[in-house]
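Numbered by the numbering used here, the letters in the sequence shown go through residues 64 to 393 in order.
For reference, the structure discussed in these notes is given below.
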Amino acid sequence: MLQRARNGNGKTVLLAGGAGFVGSHLCDALLARGDRVICVDSYLTGSEANVQPLMNHPSFRLIEKDICQLEQIDEPLDQIYNLACAASPPQYQADPVHTMMTCVAGTCNLLTLAEQHGASFLQASTSEVYGDPAQHPQREDYRGNVSCTGPRACYDEGKRAAEALCFDMLRAGRADVRVARIFNTYGPRMQPDDGRIISNLLVQALSNEPLTIYGTGEQTRSFCFVSDLVAGLIALMNVDPNPGGPVNLGNPGEFTINELATMVLDMVPTQSQLVHRPLPQDDPTRRRPDISQARNLLGWQPKVPLSEGLRVTADWFAGSLGNPPEEARA
Ligand code: NAD
Ligand code: UDP
Numbered sequence: 064m065l066q067r068a069r070n071g072n073g074k075t076v077l078l079a080g081g082a083g084f085v086g087s088h089l090c091d092a093l094l095a096r097g098d099r100v101i102c103v104d105s106y107l108t109g110s111e112a113n114v115q116p117l118m119n120h121p122s123f124r125l126i127e128k129d130i131c132q133l134e135q136i137d138e139p140l141d142q143i144y145n146l147a148c149a150a151s152p153p154q155y156q157a158d159p160v161h162t163m164m165t166c167v168a169g170t171c172n173l174l175t176l177a178e179q180h181g182a183s184f185l186q187a188s189t190s191e192v193y194g195d196p197a198q199h200p201q202r203e204d205y206r207g208n209v210s211c212t213g214p215r216a217c218y219d220e221g222k223r224a225a226e227a228l229c230f231d232m233l234r235a236g237r238a239d240v241r242v243a244r245i246f247n248t249y250g251p252r253m254q255p256d257d258g259r260i261i262s263n264l265l266v267q268a269l270s271n272e273p274l275t276i277y278g279t280g281e282q283t284r285s286f287c288f289v290s291d292l293v294a295g296l297i298a299l300m301n302v303d304p305n306p307g308g309p310v311n312l313g314n315p316g317e318f319t320i321n322e323l324a325t326m327v328l329d330m331v332p333t334q335s336q337l338v339h340r341p342l343p344q345d346d347p348t349r350r351r352p353d354i355s356q357a358r359n360l361l362g363w364q365p366k367v368p369l370s371e372g373l374r375v376t377a378d379w380f381a382g383s384l385g386n387p388p389e390e391a392r393a
């Protein structure tokens with residue numbers, strides 16, 4: 064096992080997927096805590112712009128690499144967060160084999176690193192492991208209703224396989240592993256064209272384009288603001304004792320897609336109207352986390368209501384689509 068080196072009170076943290084939407088906010092939060100961050104990212108769906116302001120930070124280092132090819136890191140690590148994986152359905156379905164391999168081979172590589180370094184490991188899993196859920200709201204002991212043959216399977220089943228790897232390593236005492244099941248998260252630095260619902264609706268409204276509603280719009284989702292999620296991820300990584308099982312992280316507020324579209328139309332001055340498009344195959348009909356475990360084990364719950372987070376995100380998209388001010392890190 065590599066000898067661990069401590070920099071002051073901070074830890075050395077490897078963050079795979081740190082140039083992505085959630086990952087870049089986690090980079091900021093870890094650096095603000097005094098940790099040293101080694102970000103590993105292939106820029107598949109992330110962007111250099113997300114981490115560009117950190118490039119001259121003395122405690123930040125970027126390694127441009129695919130986690131499927133990552134074999135070693137030549138400095139001691141205390142913690143590893145694995146956020147590396149395309150998360151939006153059009154993006155993870157663009158190269159489904161690579162998505163599956165990222166989840167399985169990539170996660171396996173990072174778990175091996177955790178074992179070698181004696182580092183704690185946090186896996187960014189997903190509410191998609193519940194598939195189209197028959198239990199509502201979803202608790203961690205619900206085993207899910209996932210198609211293993213449909214177009215979402217590369218992601219859903221990939222993340223389920225990654226969880227299996229994580230808990231095998233934990234049971235075998237080979238690594239201190241934690242698993243967060245993340246529900247839909249939004250906020251500044253989402254890509255405008257990632258195809259997810261909040262980015263689509265806000266960008267469409269700001270551009271006076273029709274708001275695309277897939278299916279009837281009566282399907283539901285629960286939306287968590289990114290700062291709340293990041294606080295939950297850090298709490299889960301650092302809680303003692305290790306929860307020993309997956310922990311849901313999400314905002315239990317549940318909204319239909321039609322309700323969300325109405326909020327967007329009320330918030331953004333626009334000429335846009337609604338247009339209906341076919342519902343994608345295997346699209347889950349409802350989704351809402353039971354966060355009792357996160358409340359009890361981590362003392363965590365989200366603080367930002369959807370109306371507030373949506374406003375911040377709309378303002379950020381307005382800036383990035385128009386003439387972005389020399390903005391502070393949002
Ligand atoms: P994102 O696409 O913005 O970020 C993913 C990052 O991982 C990107 O920077 C991308 O370039 C990088 N990446 C992808 N494959 C890689 C590979 N093989 N090797 C190295 N880097 C790779 O997505 P996000 O919304 O920030 O999601 C982050 C994590 O959280 C993902 O693992 C996702 O599955 C999980 N998650 C997110 C949500 C959400 O609503 N945002 C919900 C559930 C789970
Ligand atoms: N959706 C929609 N219009 C869009 C994009 C998505 O109606 O322009 C729907 C999608 O069918 C799903 C929900 O919004 O029911 C959330 O989609 P997203 O891709 O953001 O996340 P996920 O399906 O992975 O939860």
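By construction, the Cβ of each residue, glycine as well, lies at the ideal position given by its N, Cα and C atoms.
Every alpha helix (DSSP H) of 4 residues or more that sits fully in the segment 83 to 161 is shown, in chain order, as 84 to 96, 111 to 114 and 152 to 157.
Counting along the chain, I320 sits inside no beta strand (DSSP E); it lies in the alpha helix (DSSP H) bounded by residues I320 to M330. Taking a cut-off of 8 Å for Cβ pairs, the segment 305 to 320 and the segment 375 to 387 do not touch, as fewer than three such pairs fall below it. Annotated as distal: L174 and C131, with beta-carbon spacing of 8 Å or more. Cβ neighbours of C166 within its own chain (closer than 7 Å, five residues either side excluded): C148, G221, K222, A224 and A225.
Contact check between the segment 283 to 293 and the segment 81 to 95: three or more CB pairs, one atom from each, fall below 8 Å, which counts as touching. By the neighbour-count criterion, in which 16 or more other beta carbons inside 10 Å mark a residue as buried, K366 falls on the exposed side. Separation of the CB atoms of G295 and A243 is rounded to 7 Å, and the pair is thereby assigned contact status at 8 Å.
Scanning Y106, V103, S110 and H120 for the CA closest to the CA of D91 turns up H120. Remark: C-beta atoms of F246 and L146 do not approach each other more closely than 8 Å. Beta-bridge partners assigned by DSSP to V266: none are found. By the neighbour-count criterion, in which 16 or more other beta carbons inside 10 Å mark a residue as buried, V266 falls on the buried side. Sorting N305, T325, D141 and D329 by C-alpha distance to the C-alpha of R234 places N305 at the top. Shortest gap from the CB of T275 to any heavy atom of the ligand UDP: under 7 Å.
Closest option to A157, judged by alpha-carbon separation, among C171, C217 and D98: C217. The beta strand (DSSP E) runs of length 3 or more contained entirely in the segment 332 to 379 are, from start to end of the chain, 337 to 340.
Nearest neighbour of D346 by Cα position, chosen from M118, I276 and H161, turns out to be I276. An exposed status is given to E134, since fewer than 16 other beta-carbon atoms sit within 10 Å of its beta-carbon. Residue environment analysis places R351 among the buried positions, since at least 16 neighbouring C-beta atoms fall within 10 angstroms of its C-beta. Nearest C-alpha to T376 among T248, I297, H339 and N271: T248. Beta-carbon to beta-carbon, V327 and L274 are separated by about 7 Å, close enough to satisfy the 8 Å threshold.
Per DSSP, reduced to three states, the secondary structure at T165 is helical.
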